[in-house]
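Novice: Take this structure, written in structure tokens, and hold onto it; I'll ask about it next.
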Amino acid sequence: MARRYESDVLAGDWRRRRVVPEVDAEPDLVVEDADSGFCGAVVGFESGAVVLEDRHGRRRNFPLLPAAFLLDGQPVTLRRPVRAPAPEPRRRTASGSVAVDGVKAQVAKASRIWVEGVHDAALVERIWGDDLRIEGVVVEPLDGIDRLDAEVRAFAPGPGRRLGVLVDHLVPGSKESRIVATVTSPHVLVTGHPYVDVWQAVKPAAIGIAAWPVVPPGRPWKEGVCAALGVADPADLWRHILSRVKSYTDVETPLINAMERLIDFVTDPS
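Mapping of the sequence shown onto full-length UniProt numbering: position 200 corresponds to residue 200, and the numbering continues sequentially without gaps.
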């Protein structure tokens, strides 16, 4: 008989209860509150409690206590699901394209994009500068396009040396359209926008005006705009315009379309 009780029958955790599983309280999970018998689907959380809704549409809140619920008749501990942090939105350049981090500007390619003047070049840089640096495309300002045909021939475009040209006021019957018609090389693409000056391609709302002033024929456009807006120096107005342009959303669609076509043309590997 002594050998039957040589070990202590009370030793160890004889009172240990079975482990109650923890379950994520996902939406629409149907559980029963063990104390009240209320049965419903998980519809949310409020003040640290889970909200259950029964089949009659009645809602009640229950604290997330250990073993407080029954799932398929078995005790469970509900826990609030841990959501993975939302991924950070992809950074965009001013042109709207996906920004590429850690990429250095390429060495300039032989292909070029020409614009009519320094204001055009500054506006293009403001919006498409990041894209063009990655592609290795240089934008060069011209002093107008009166000698465009000669300039193109001097550039000597070819398969690996493409040229894109952005022209202001490129509309049927204009002086600009007649000049552009003299350029026939298949390695040159000339696009443009309908605005008298690239200033006008900036949306009026971006610079805080309702609309661009109408300038009578025969008067220099920039001079007329400055007079109408009460600005003495065109350089001051241009600085204000450029400072308000943050992305492609601040300029008109015809300019965007023209520039995107030029970039595609001069970067086409074929």
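Glycine included, C-beta positions come from ideal geometry on N, C-alpha and C.
Computed from a predicted structure; not experimentally measured.
#1: Return the CA-CA distance between residue 203 and residue 22, expressed in angstroms with no decimal places.
#2: Spatial neighbours of residue 38 within its chain, please: C-beta separation below 8 Å, excluding the five flanking residues on both sides.
#3: DSSP three-state call for residue 5: helix, strand or coil?
#4: Could you say which of 143, 153, 255 and 78 lies nearest to residue 42 if we only look at CA atoms?
#5: In three-state terms, what does DSSP make of residue 38?
#6: State the start and end residues of the unbroken beta strand (DSSP E) segment that holds residue 268.
#7: Closest to residue 64 by C-alpha separation, out of 57, 76, 56 and 58, would be which residue?
#8: Start and end of the beta strand (DSSP E) containing residue 140?
#9: Three Cβ pairs or more, each shorter than 8 Å: is that satisfied between the stretch 236-249 and the stretch 201-217?
#10: If you check the beta carbons only, do residue 153 and residue 187 fall under 7 Å apart?
#11: How is residue 114 classed by DSSP in three states: helix, strand or coil?
#12: Within 10 angstroms of its Cβ, does residue 15 collect 16 or more other Cβ (buried), or is it exposed?
#13: Let me know the secondary structure DSSP gives residue 49 once reduced to three states.
#14: Which stretch, first to last residue, makes up the alpha helix (DSSP H) that contains residue 229?
#15: Can you list, in chain order, the residues of its chain with a C-beta nearer than 8 Å to that of residue 20? Leave out the 5 residues immediately preceding and following it.
#16: What's the gap between the Cα of residue 229 and the Cα of residue 220?
#17: Secondary structure at residue 80, three-state DSSP: helix, strand or coil?
#18: Put residue 244 into one of helix, strand or coil per three-state DSSP.
#19: To the nearest angstrom, report how far apart residue 114 and residue 80 are at their CA atoms.
#20: Could you tell me the distance, in whole angstroms, from the CA atom of residue 189 to the CA atom of residue 208?
#21: According to DSSP, residue 158 sits in a beta bridge with which residue or residues?
#22: Rounded to the nearest angstrom, what separates residue 262 and residue 85 at their Cα positions?
#23: Report the option in 160, 179 and 182 whose CA atom is closest to the CA atom of residue 269.
#24: Nearest-angstrom Cα distance between residue 148 and residue 176?
#25: Kindly give me the distance between the Cβ atoms of residue 142 and residue 116, rounded to whole angstroms, as I take these residues to be in contact under 8 Å.
Specialist: So, to answer that:
#1: Here the question's residue 203 lines up with position 203 in the sequence shown. Here the question's residue 22 lines up with position 22 in the sequence shown. Taking the straight line from one Cα to the other gives about 58 Å.
#2: Here residue 38 is taken as the residue at index 38 of the sequence shown, counted from 1. Cβ neighbours of residue 38 beyond the five flanking positions: 32, 52, 54, 60 and 62.
#3: The residue you call residue 5 lines up with position 5 of the sequence shown. Confidence is the limiting factor: at residue 5 the pLDDT is only 49, short of 50, which leaves the residue's position unreliable and the question unanswerable from this model.
#4: As a first step, residue 42 is located in the sequence shown; it is residue number 42 there, counting from the start. The option with the nearest alpha carbon to residue 42 is 78.
#5: For the purposes of this step, residue 38 is identified with residue 38 of the sequence shown, where counting begins at 1. Residue state, collapsed to three classes: coil.
#6: Stepping through the sequence shown from its first residue, residue 268 is reached at position 268. Annotation: residue 268 is outside any beta strand (DSSP E) and is labelled neither H nor E by DSSP.
#7: As a position in the sequence shown, residue 64 is number 64, starting the count at 1. Check the Cα spacing between residue 64 and each of 57, 76, 56 and 58: the tightest is with 76.
#8: To locate residue 140, count along the sequence shown from 1; it is residue 140. Looking at the DSSP string, the run of the beta strand (DSSP E) that includes residue 140 is 138-141.
#9: Because the criterion of three Cβ pairs below 8 Å is met, the stretch 236-249 and the stretch 201-217 touch.
#10: Your numbering for residue 153 matches position 153 in the sequence shown. Your numbering for residue 187 matches position 187 in the sequence shown. Taking 7 Å as the Cβ cut-off, residue 153 and residue 187 do not qualify as a contacting pair.
#11: One-based indexing of the sequence shown puts residue 114 at position 114. Shown here, residue 114 sits in a strand according to DSSP, grouped into three states.
#12: For the purposes of this step, residue 15 is taken as the residue at position 15 of the sequence shown. Model confidence at residue 15 stands at a pLDDT of 47, short of 50, so the residue's coordinates are unreliable; what they give is reported in the following sentence. So residue 15 counts as exposed.
#13: Translated into the one-based positions of the sequence shown, residue 49 becomes position 49. If DSSP states are grouped into helix, strand and coil, residue 49 belongs with the strands.
#14: Sequence index remark: in the sequence shown, residue 229 carries index 229 (1-based). Counting along the chain, the unbroken alpha helix (DSSP H) around residue 229 starts and ends at 221-229.
#15: By 1-based counting over the sequence shown, the position of residue 20 is 20. So the list reads 66, 67, 75, 76 and 77, once near-sequence residues are dropped.
#16: Residue numbering aside, residue 229 sits at position 229 when the sequence shown is read from its first letter. Residue numbering aside, residue 220 sits at position 220 when the sequence shown is read from its first letter. Roughly 14 Å separates the two Cα atoms.
#17: In the sequence shown, the residue the question calls residue 80 occupies position 80. Residue 80: coil per DSSP, three-state reduction.
#18: Position 244 of the sequence shown, counting from 1, holds the residue named residue 244. Helix at residue 244.
#19: Within the sequence shown, the letter at position 114 stands for residue 114. Within the sequence shown, the letter at position 80 stands for residue 80. If you draw a straight line from the Cα of residue 114 to the Cα of residue 80, it comes to about 60 Å.
#20: One-based indexing of the sequence shown puts residue 189 at position 189. One-based indexing of the sequence shown puts residue 208 at position 208. Answer to the nearest angstrom: the Cα atoms are 34 Å apart.
#21: As a first step, residue 158 must be located in the sequence shown, where it is residue number 158. In the DSSP output, where bridge partners are listed per residue, residue 158 has 161.
#22: Working through the sequence shown from its first residue, we reach residue 262 at position 262. Working through the sequence shown from its first residue, we reach residue 85 at position 85. Between the alpha carbons of residue 262 and residue 85 lies a gap of roughly 40 Å.
#23: Along the sequence shown, one-based indexing puts residue 269 at 269. Selected option, being the one with the closest Cα: 160.
#24: One-based indexing of the sequence shown puts residue 148 at position 148. One-based indexing of the sequence shown puts residue 176 at position 176. Roughly 10 Å between the two C-alpha positions.
#25: As a working note, residue 142 is residue 142 in the sequence shown. As a working note, residue 116 is residue 116 in the sequence shown. Sure, about 6 Å apart at Cβ, within 8 Å.
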